[in-house]
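Q: Residue numbers (our numbering), protein chains in the order written: chain A, 45 to 361; chain B, 45 to 361; chain C, 45 to 361; chain D, 45 to 361.
Positions of the beta carbon are idealized from the N, C-alpha and C atoms, including for glycine.
This structure is a prediction, so every number in the text was calculated from the model and none was measured.
Protein chains: 4
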Amino acid sequence: MALAIGVDVGGTKIAAGVVDEWGKIVAQLRQPTPAGSSDEVASTIAAMAQQLADEHGATSIGIGAAGFVDEDRAQVVFAPNLAWRNEPLKARIEQATGIPTVVENDANAAGWAENRFGAAQDARSAVVLTIGTGVGGAIINNNQLVRGANGFAGELGHFIIRPGGRRCGCGLRGCWERYGSGSALVLEARELASVAPHRAERLLELAGGNPLQVQGHHISQAAREGDPAALDCFETLGDWIGRGMAVIDAILDPDVFVLAGGVAEAGDLLREPVLKSFHKRLTAQGYRDAPHVRLATLGNDAGLIGAADLSRVAETA
Amino acid sequence: MALAIGVDVGGTKIAAGVVDEWGKIVAQLRQPTPAGSSDEVASTIAAMAQQLADEHGATSIGIGAAGFVDEDRAQVVFAPNLAWRNEPLKARIEQATGIPTVVENDANAAGWAENRFGAAQDARSAVVLTIGTGVGGAIINNNQLVRGANGFAGELGHFIIRPGGRRCGCGLRGCWERYGSGSALVLEARELASVAPHRAERLLELAGGNPLQVQGHHISQAAREGDPAALDCFETLGDWIGRGMAVIDAILDPDVFVLAGGVAEAGDLLREPVLKSFHKRLTAQGYRDAPHVRLATLGNDAGLIGAADLSRVAETA
Amino acid sequence: MALAIGVDVGGTKIAAGVVDEWGKIVAQLRQPTPAGSSDEVASTIAAMAQQLADEHGATSIGIGAAGFVDEDRAQVVFAPNLAWRNEPLKARIEQATGIPTVVENDANAAGWAENRFGAAQDARSAVVLTIGTGVGGAIINNNQLVRGANGFAGELGHFIIRPGGRRCGCGLRGCWERYGSGSALVLEARELASVAPHRAERLLELAGGNPLQVQGHHISQAAREGDPAALDCFETLGDWIGRGMAVIDAILDPDVFVLAGGVAEAGDLLREPVLKSFHKRLTAQGYRDAPHVRLATLGNDAGLIGAADLSRVAETA
Amino acid sequence: MALAIGVDVGGTKIAAGVVDEWGKIVAQLRQPTPAGSSDEVASTIAAMAQQLADEHGATSIGIGAAGFVDEDRAQVVFAPNLAWRNEPLKARIEQATGIPTVVENDANAAGWAENRFGAAQDARSAVVLTIGTGVGGAIINNNQLVRGANGFAGELGHFIIRPGGRRCGCGLRGCWERYGSGSALVLEARELASVAPHRAERLLELAGGNPLQVQGHHISQAAREGDPAALDCFETLGDWIGRGMAVIDAILDPDVFVLAGGVAEAGDLLREPVLKSFHKRLTAQGYRDAPHVRLATLGNDAGLIGAADLSRVAETA
């Protein structure tokens, strides 16, 4: 039975695990991400992988990292939270462990896992949306990751959905992630609590009375309690997410959309307004089936599982 | 040397040709599309293919048709201009000729040809835009056609770029093809000639004085003469095309965009305003190269060449 | 009993009448507008007014003309359909008839009549929308016409309601009248008939099968018959009119809006969708009454009646 | 020489002054606004007015208050910051002082002062924009205040300029004041500092490193220093203000726009981008003069001066 190691490198912690061919995690380790140099991060990854390999055996290592990964899946070109610039991660880990290694963007890895073992495992083509602070994702076509010329394919948050709209860190205005992300949900709730405090009493109560202190978990809690203001904010968020999904659908026509990432943990609070908005904007209705829209099933493990599996694919390619 | 037959089935004429491995057309036939039953169209295609096969030999047949083609590339599910509904074209042609046959959407076939032998032959990932009455296209990722769950991938004209905008035949409002197509160019010019006739004297002259009679070739002619009103209309068209391309780019990150179709014959009259608009709206500028934007090089032969080549791929798969 | 003469000068005909203090027309004359020089038009007006004055007596003359009128209400600065440029109409008519004369913009005159004797006669502040080929109107505040610095106040059709939208003869894009006028209704219907002919069968039948031949009266007729496509077009028109009215309402807060002009003859076919759209966009709902929205009651006579009455106001001022 | 008393009632302080016929303040008093009942506020106003009347003599009192004032200018129907609901202010003050009193909305009073004695004193028609936390204003036509059916005319901030945009306290989305006010300037700067901190170093420095702590005076200071990020925010603000002014101009065609309120203290930092945006969106350019756009000249005294003057007008009416 072929085991592979998957590593999910985040800004605060590193998770590594041994994954079998069916996407099951056989063993797992966690450590805080070293705050120091990028060298230390690589050493830590190598040590964790080595330990798992020693204990369980493994024929390949896959590493998912938040950042841009080069075409050969060898270097992390740029990782905003990890101080990596052109980091030759594949070479370092292979040198340290002697095990073939591939590097992948973390959202691609997570999306891959959902397609192989999770919510989209029956789909030949899928779009996995990772909705957190921003919007990222993965595009799977014909059971292959679509990576693009610069590895930016699947960085789904940065098409303009609102010309002249909110500024985006990418330099544009009106990018989808400025309207369809967790940050957008928070902006919406703070705005509501600022201009219409009488409508946002529960949100303000949870935020200690200060509209600028409303956080995502306040909104989720209030929404679960049935608070109309919080539900209204989810409605707005879902509307924007659905609009963006309709754009992607018209271009890629996937079998399945998967809603993943922290915001998707809201479940049907998010999925219902997403569907309402999405279905209104589908082209050629009546001439084809609407794609499925599902919640992710692998949660935080998706990145680790996907990275492990991608390393296996590379190995057998 | 492996020869394949390519057939491009249009609403008014059928073109069939023998194509070699380098995309060269060795021999070619043309006939008007029979106006009668869908059977007659199939018989005509079969006869043309048989004749070419008899004269030149061929190991496969590829047929490009304007319409939706099923996943197995065997049936034309729906062809607006050909009265085909679930037409088992592959089976009919194979039965008549004894030669393995595949069916493909015509824009996919043409895009494939540009990727294999034309403007994007150096690209691993390309988006080919067919800009005519509407906007269609083809998406090539990692040298594979992206077809989507229903074969709608690459039907690029139907994402909403202008909420609440012009009505579209697909049932939505504000689809990209209502702003970025030849029809949009004509609408724009007629509008200009209606509300500001003093600015549109040349266009009106070419149209016999009636704003509603302004046609695409009038606009192209006037623009080539340097007429400011016609150039203004191309500027507007290019602006919308560039906006839509930026959306696609953020999602797919291709190496190359190819501008194809009748409207792209305007060349730099179109390409220049497209580039201006496109470059303004690229995400992550400075962190990556902008994709190339090129004019198609294979012209009307692209569909035939691409269909032939796709049949060869199928054969060797 | 004080009688005044009102004259409504249009591009094709001139109507003149004797009007009493209650807005009743006591006698009336009509003539085609002379096609020749602007002098002839002035002479015709003078002759018609003289004849009425001789037969009925009149203490003042008011003339409503489609065009820009100077601050002193003496000259027609510019009249698109009448070849008048800085025409000293007041002086000419006074010289010819010996009767004190004032000149006013025709939409202002018609709006004044609706405020004095028609649909808004109980209102201290009113906005009268003249919805025809374009959108014009009149603003009445505290029972005075609001004329503006250049006499452009009440030219309500030219604020931008759709940035980057349809071109307007005024040089901008997206002006309200490009979306809220009879022309817009026709554009909408032609678009629908072009892109979705199967939904527009009745409209196409009335237009002889050619989408570009759909005219306003076809749409009105089909709508009265209950045709869904025509009603859909009125819905779109009403939506845009309601949006624009909400803008005006937030700025001017009138007691009454009056829907006048040729398109308003559609009655509730227009008024219902207007109200739906308008009420959704009213600021401070619940803190104040929504303004009344009424159909004009004076029809084509409004301009003549209003011009007559305005001349009386001037005389007694 | 006729003297009148003007009172400007704000949420934190009350200013009262004796004003001569030329708009000069002859004497002035200031007191904190009593925090208690609405009765106390009225008593304080009465006492201040009485003292000024005793010392200087005065034939009328005008009171400007932030809130909605009834048609008879006798009651404050609703004052968000003063706990007044249907407060019979005129009656109370007249009872206490024996001097004829009128009540007016404070922005109307301030706008009136600018028209009579300030930046628009040569204008027959003017629009005064009070740009502070929100956007308010006054419309003067033919040297009369346009008050509207409910006294809402001139509450200029609440027409929709951005459909589906930022929520507004008035219940709508996309109101002008959500884009053209000081609050909008702050939102814009916080957004910029959040998503592009490397571009907003000076703003973050002034705000102690926290994007949510950026305040209006930080932006003004940085802009005066030439900081590109702050200037960019003023550019965005000016763009939106100019768009809204173009809407108002198309409807009302005033001689003069006056930029007043706290944000207008930025002077040309604001006026320049406003003009750029405004002039691009003027209808019928070339057929008429653009209205003047001027900075207010009376500053914080405008409300007091205008209220005094309006009381005089009422007295002599």
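Compute the distance between the beta-carbons of serine 104 of chain B and serine 321 of chain B, then report whether it is under 8 Å.
A: Along the second sequence, read from residue 1 onward, the residue named residue 104 of chain B stands at position 60. Along the second sequence, read from residue 1 onward, the residue named residue 321 of chain B stands at position 277. Taking 8 Å as the Cβ cut-off, serine 104 of chain B and serine 321 of chain B do not qualify as a contacting pair.
Q: If you count every other CB in all the chains shown that lies within 10 Å of the CB of alanine 340 of chain B, and 16 or more means buried, which is it?
A: In the second sequence, counting from the first residue as 1, residue 340 of chain B sits at position 296. Buried.
Q: Per DSSP, what kind of secondary structure is leucine 354 of chain C in: helix, strand or coil?
A: Stepping through the third sequence from its first residue, residue 354 of chain C is reached at position 310. Reduced to three states, the DSSP call for leucine 354 of chain C is helix.
Q: DSSP beta-bridge partners for histidine 336 of chain D?
A: Taking the first residue of the fourth sequence as 1, we reach residue 336 of chain D at position 292. Its beta-bridge partners are D:Val300.
Q: Can you tell me the Cα-Cα spacing of isoleucine 204 of chain C and alanine 153 of chain B, whole angstroms?
A: Start at 1 with the first residue of the third sequence, and residue 204 of chain C comes out as number 160. Start at 1 with the first residue of the second sequence, and residue 153 of chain B comes out as number 109. Between isoleucine 204 of chain C and alanine 153 of chain B, the C-alpha separation is close to 44 Å.
Q: Starting from valine 239 of chain C, trace the alpha helix (DSSP H) both ways and give me its first and last residue.
A: Looking up residue 239 of chain C in the third sequence gives position 195. That run of the alpha helix (DSSP H) goes 226-239.
Q: Tell me whether glutamate 235 of chain C is buried or exposed, calling it buried when 16 or more other Cβ atoms sit within 10 Å of its Cβ.
A: Numbered from its first residue, the third sequence carries residue 235 of chain C at position 191. Buried, because 16 or more other Cβ atoms sit within 10 Å of the Cβ of glutamate 235 of chain C.
Q: If I follow the unbroken alpha helix (DSSP H) through glutamate 99 of chain C, where does it start and stop?
A: Counted from its first residue, the third sequence places residue 99 of chain C at position 55. Taken as a continuous stretch (DSSP letters only), the alpha helix (DSSP H) holding glutamate 99 of chain C covers 82-100.
Q: Going by DSSP, which residues form a beta bridge with leucine 216 of chain A?
A: In the first sequence, the residue the question calls residue 216 of chain A occupies position 172. Leucine 216 of chain A pairs with nothing; no bridge assigned.
Q: So does the segment 297-304 of chain B actually touch the segment 143-163 of chain B, counting three or more Cβ pairs closer than 8 Å?
A: Result yes; three or more Cβ-Cβ pairs closer than 8 Å.
Q: Quick check on aspartate 297 of chain D: buried or exposed, where buried means 16 or more other Cβ atoms within 10 Å of its Cβ?
A: Position 253 of the fourth sequence, counted from the start, is the residue given in the question as residue 297 of chain D. Its Cβ being crowded by 16 or more others within 10 Å, aspartate 297 of chain D is buried.
Q: Taking the runs of the beta strand (DSSP E) that are 3 residues or longer, which of them lie wholly in the segment 95-175 of chain A?
A: With a minimum length of 3 residues, the continuous beta strand (DSSP E) runs that stay inside the segment 95-175 of chain A are 105-109, 120-123, 128-131, 145-149, 170-175.
Q: Can you find a CB in chain B that lies within less than 8 Å of the CB of leucine 200 of chain A?
A: Walking along the first sequence from the start, residue 200 of chain A turns up at place 156. Closer than 8 Å to some Cβ of chain B, the Cβ of leucine 200 of chain A qualifies, so yes.
Q: Can you name the residues of chain D whose CB is closer than 8 Å to the CB of phenylalanine 278 of chain C?
A: Walking along the third sequence from the start, residue 278 of chain C turns up at place 234. Per Cβ cutoff of 8 Å: no residues; phenylalanine 278 of chain C is ~20 Å from chain D at best.
Q: Based on Cα-Cα distance, which residue from B:Pro272, B:Asp276, B:His323 lies nearest to valine 291 of chain B?
A: Residue 291 of chain B sits at position 247 when you count from the first residue of the second sequence. Selected option, being the one with the closest Cα: B:His323.
Q: According to DSSP, what are the bridge partners of arginine 74 of chain D?
A: To locate residue 74 of chain D, count along the fourth sequence from 1; it is residue 30. Note: arginine 74 of chain D sits in a beta bridge opposite D:Ala59.
Q: Give a yes or no on whether the minimum CB-CB distance between glutamate 131 of chain B and chain C is below 8 Å.
A: Translated into positions along the second sequence, residue 131 of chain B becomes position 87. With 8 Å as the cut-off, glutamate 131 of chain B does not count as an interface residue toward chain C.
Q: Judging by CA-CA distance, which residue of A:Trp220, A:Val51, A:Ala197, A:Leu313 is the nearest neighbour of alanine 274 of chain A?
A: Taking the first sequence and counting its residues from 1, the one referred to as residue 274 of chain A is at position 230. The shortest C-alpha separation from alanine 274 of chain A is found at A:Leu313.
Q: Using the Cβ count rule (16 or more neighbours within 10 Å means buried), how would you classify asparagine 254 of chain B?
A: Translated into positions along the second sequence, residue 254 of chain B becomes position 210. It is exposed - the Cβ of asparagine 254 of chain B has fewer than 16 other Cβ atoms within 10 Å.
Q: Determine the direct distance from the alpha carbon of threonine 77 of chain C to that of glycine 347 of chain C, and round the result to whole angstroms.
A: Your numbering for residue 347 of chain C matches position 303 in the third sequence. Your numbering for residue 77 of chain C matches position 33 in the third sequence. Roughly 16 Å separates the two Cα atoms.
Q: Whose C-beta lies closer than 6 Å to the C-beta of arginine 210 of chain A among residues of the same chain, with five residues either side of it excluded?
A: By one-based count along the first sequence, residue 210 of chain A stands at place 166. These residues qualify, in order along the chain: Arg222.
Q: To the nearest whole angstrom, what separates the beta carbons of isoleucine 49 of chain A and alanine 352 of chain A, a pair I think is in contact under 8 Å?
A: Position 5 of the first sequence, counted from the first residue, corresponds to residue 49 of chain A. Position 308 of the first sequence, counted from the first residue, corresponds to residue 352 of chain A. Yes, isoleucine 49 of chain A and alanine 352 of chain A are in contact; Cβ-Cβ is about 6 Å, under 8 Å.
Q: Identify every residue that forms a DSSP beta bridge with valine 53 of chain B.
A: Position 9 of the second sequence, counted from the first residue, corresponds to residue 53 of chain B. According to DSSP, valine 53 of chain B bridges with B:Ile58, B:Ala109.
Q: For the segment 283-307 of chain C, enumerate the residues whose C-beta is nearer than 9 Å to any C-beta of chain D, in chain order.
A: If the cut-off is 9 Å between Cβ atoms, the segment 283-307 of chain C has Arg287, Ala290, Val291, Ile292, Asp293, Ala294, Ile295, Leu296, Asp297, Pro298, Asp299, Val300 near chain D.
Q: So, with DSSP's three-state summary, where would you put glycine 180 of chain D?
A: For the purposes of this step, residue 180 of chain D is taken as the residue at position 136 of the fourth sequence. It is a strand residue.
Q: What are the uninterrupted segments assigned as alpha helix (DSSP H) that are 4 or more residues long and contained completely in the segment 241-315 of chain C, given in chain order?
A: Runs found: 245-250, 260-268, 272-296.
Q: Flag glycine 213 of chain C as yes if its beta-carbon sits less than 8 Å from any beta-carbon of chain B, otherwise no.
A: The sequence position of residue 213 of chain C within the third sequence is 169, counting from 1. Cβ-Cβ to chain B under 8 Å: yes for glycine 213 of chain C.
Q: Using 10 angstroms around the beta-carbon of tryptophan 66 of chain B, count the other beta-carbons present and answer buried if the total reaches 16, otherwise exposed.
A: Position 22 of the second sequence holds residue 66 of chain B. By the 10 Å Cβ count, tryptophan 66 of chain B comes out exposed.
Q: Would you say phenylalanine 322 of chain B reaches chain A, if we count a Cβ-Cβ gap shorter than 8 Å as a contact?
A: Sequence index remark: in the second sequence, residue 322 of chain B carries index 278 (1-based). Answer no: the Cβ-Cβ gap between phenylalanine 322 of chain B and chain A never drops below 8 Å.
Q: For arginine 210 of chain C, which residues in chain B fall below 9 Å Cβ to Cβ?
A: In the third sequence, residue 210 of chain C corresponds to position 166, counting from 1. Simply Glu235, Val239.
Q: Among B:Pro241, B:Thr177, B:Ile183, whose alpha-carbon lies nearest the alpha-carbon of glutamate 158 of chain B?
A: Looking up residue 158 of chain B in the second sequence gives position 114. For glutamate 158 of chain B, the nearest C-alpha among the options comes from B:Ile183.
Q: In whole angstroms, give me the CA-to-CA distance for glycine 260 of chain C and glycine 226 of chain C.
A: Translated into positions along the third sequence, residue 260 of chain C becomes position 216. Translated into positions along the third sequence, residue 226 of chain C becomes position 182. Using only the alpha carbons, I get a separation of about 7 Å.
Q: Return yes when the Cβ of alanine 267 of chain C is within less than 8 Å of the Cβ of alanine 310 of chain C, no when it is not.
A: To locate residue 310 of chain C, count along the third sequence from 1; it is residue 266. To locate residue 267 of chain C, count along the third sequence from 1; it is residue 223. It is a contact, given that the beta carbons lie within the stated cut-off.
Q: Taking beta-carbon pairs under 7 Å, can you tell me which members of the segment 174-193 of chain A lie near chain B?
A: Cβ contacts with chain B come from Asn185, Asn186, Gln188, Val190, Gly192, Ala193.
Q: Work out the CA separation of glutamine 94 of chain D and serine 406 of chain D for me, nearest whole Å.
A: Nothing about residue 406 of chain D can be reported from this structure: the residues present for chain D run from 45 to 361 only.
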